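Quick notes on the structure that follows.
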Amino acid sequence: MKLHKIGKYILAALMLPIAGLGAISVDAQTRQKAKDTRKYKTEKPDLEEIQRTTLDPKSEFYYPKLMAKYERKDTTMTPEEFRHFYLGYMFQEDFDPYRISPYANKTDDLRSKKEFTKQELDTIEKYANLALEDNPFDLRQMSFLVRVLKEKKKDMRASIWEYRLENLLGTIMSTGTGKDVDNPWYVVYPMHEYDVAQLLGYEAVDVEYPRDGFDYLVVQPDPTDTRKRDKSAKGFYYNVVIPQEQYELKHGGEDEETSSSGDEEDYDEMPAE
């Protein structure tokens with residue numbers, strides 16, 4: 014089965030839950046920091062170098078070292094460390110690009126609320142933390158946790174999570190421009206495609222596959238985003254070559270069963286929302 018078909022099946026299935034209540038929410042300061050070109054130089058990542066160094070125990074970018082620094086809540090991590098930490102995750106043994114944490118959807122019914130009770134705040138904090146322990150790159154849970162911690166006046170913890178969020182978003186946006194297939198943004202999880210689009214004031218309406226390992230997210234301006242800025246983009250390009258290769262490596266047999274069961278037509282006809 015071709016890799017782009019794997020991505021097609023999964024993205025079609027994920028579009029509904031990702032594009033709705035689960036949209037990432039960040040404030041203006043975080044948006045600006047995530048786009049700060051003085052801090053993050055935009056350049057195509059050298060994935061071979063990132064793979065080599067994150068797997069080399071002697072390297073400063075050895076993945077367990079980066080993870081330990083991240084988990085220590087170290088706010089001195091450099092852009093290069095964040096780049097190796099984020100993109101290097103694709104080369105770790107436990108990486109599974111389409112696995113969703115069992116805790117990720119526990120509080121979906123609360124996301125659209127403007128005010129929370131104390132019990133609801135405690136519930137959101139509990140499940141957001143569990144989801145992030147399971148998947149440290151769940152940007153949606155991260156943004157929800159920041160909001161809740163601020164409401165609970167846990168400002169120090171909120172600042173740490175906001176620092177992580179802004180740097181992970183900055184890392185993604187430093188990998189390219191997203192404007193064409195030669196300058197895509199690199200993401201380790203397909204859901205991050207939607208996060209970046211929403212960050213820029215758009216909502217996804219469809220997804221196309223210009224070539225194996227590349228997604229083109231068709232977008233339109235988000236009517237709820239009131240920021241005054243250019244919103245003329247029609248879509249953004251993403252590189253998901255490694256995630257799709259890893260998915261096929263670990264779940265290839267499952268997809269063959271799905272394909273042989275005659276479900277392919279159903280996925281092709283699934284409407285985007």
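Residue 286, in this note's numbering, is where the sequence shown stops; the numbers in between run on with no holes.
Beta carbons are placed, not taken as given, at the ideal position from N, Cα and C, and that holds for glycine.
Just so we're clear, the structure is a prediction, and the values are computed from it rather than from any experiment.
Cross-strand partners of residue i (DSSP beta bridge)
{"i": "Phe249", "result": "Leu230"}
{"i": "Arg224", "result": "Phe227"}
{"i": "Tyr199", "result": "Asn252"}
{"i": "Ala217", "result": "Val232"}
Close beta carbons around residue i, own chain, < 8 Å, minus the five adjacent residues each side
{"i": "Glu164", "result": "Phe129 and Leu134"}
{"i": "Val161", "result": "Phe129, Leu134, Ile137, Glu138 and Ala141"}
{"i": "Pro115", "result": "Asp147"}
Rounded separation between residue i and residue j - CA only
{"i": "Gln233", "j": "Ala246", "result": "8 Å"}
{"i": "Lys78", "j": "Pro236", "result": "42 Å"}
{"i": "Ala36", "j": "Asn252", "result": "Any reading at Ala36 must be qualified, since the residue scores a pLDDT of 49, below 50, and its modelled position is unreliable; the value itself is stated next. Approximately 21 Å between the Cα atoms of the pair."}
{"i": "Met155", "j": "Tyr140", "result": "11 Å"}
{"i": "Gly240", "j": "Leu212", "result": "In the sequence on display, residue 240 carries Arg and not Gly. Those two C-alpha atoms are separated by around 11 Å."}
{"i": "Asp225", "j": "Leu100", "result": "19 Å"}
{"i": "Glu110", "j": "Lys167", "result": "Looking at the sequence itself, residue 110 is Pro, so the reference to Glu does not match. When rounded, the distance between both Cα atoms is 31 Å."}
{"i": "Gly214", "j": "Asp238", "result": "6 Å"}
{"i": "Lys244", "j": "Phe150", "result": "27 Å"}
{"i": "Lys192", "j": "Tyr76", "result": "30 Å"}
{"i": "Pro70", "j": "Glu61", "result": "16 Å"}
{"i": "Lys48", "j": "Lys54", "result": "Only weak support is given to the placement of Lys48: the predicted model assigns it a pLDDT of 48, under 50, and the question is left unresolved by the model."}
Residue from the options whose Cα sits closest to the Cα of residue i
{"i": "Arg170", "options": "Met103, Glu138 and Phe95", "result": "Glu138"}
{"i": "Gln105", "options": "Val194, Asp122 and Arg65", "result": "Arg65"}
{"i": "Thr89", "options": "Lys52, Phe249 and Asp219", "result": "Lys52"}
{"i": "Pro223", "options": "Asp195, Pro70, Lys244 and Asp208", "result": "Asp195"}
{"i": "Thr120", "options": "Phe227, Ser72, Glu93 and Phe157", "result": "Phe157"}
{"i": "Val201", "options": "Phe227, Ala81 and Ser125", "result": "Phe227"}
Close beta carbons around residue i, own chain, < 6 Å, minus the five adjacent residues each side
{"i": "Ala117", "result": "Ala144"}
{"i": "Ala188", "result": "Residue 188 is actually Thr in this sequence, not Ala. These residues qualify, in order along the chain: Pro58, Trp198 and Tyr199."}
{"i": "Asn180", "result": "Phe95"}
{"i": "Phe74", "result": "Thr66, Thr67 and His97"}
Other residues of its chain near residue i: CB distance less than 7 Å, five sequence neighbours each side excluded
{"i": "Phe108", "result": "Tyr102 and Gln259"}
{"i": "Lys86", "result": "Ile173"}
{"i": "Val159", "result": "Ala171, Trp174, Glu175 and Leu178"}
{"i": "His205", "result": "Leu152 and Ile185"}
{"i": "Glu221", "result": "Tyr229 and Val231"}
{"i": "Thr43", "result": "With a pLDDT of only 49 at Thr43, under the threshold of 50, the placement of this residue in the model should not be trusted, and no figure is reported."}
Extent of the continuous alpha helix (DSSP H) to which residue i belongs
{"i": "Arg312", "result": "With the chain covering 14 to 286 only, the question about residue 312 has no answer from this structure."}
{"i": "Arg160", "result": "Leu152 to Glu164"}
{"i": "Ser172", "result": "Asp168 to Met186"}
{"i": "Glu106", "result": "Per DSSP, Glu106 belongs to no alpha helix (DSSP H) and is neither H nor E."}
{"i": "Glu138", "result": "Lys131 to Asp147"}
{"i": "Asp288", "result": "Lying before the first or after the last residue shown, residue 288 is absent from the chain, which here runs from 14 to 286."}
{"i": "Glu73", "result": "From DSSP, Glu73 is part of no alpha helix (DSSP H); its letter is neither H nor E."}
{"i": "Glu128", "result": "First-last for Glu128: undefined, no H or E at that position."}
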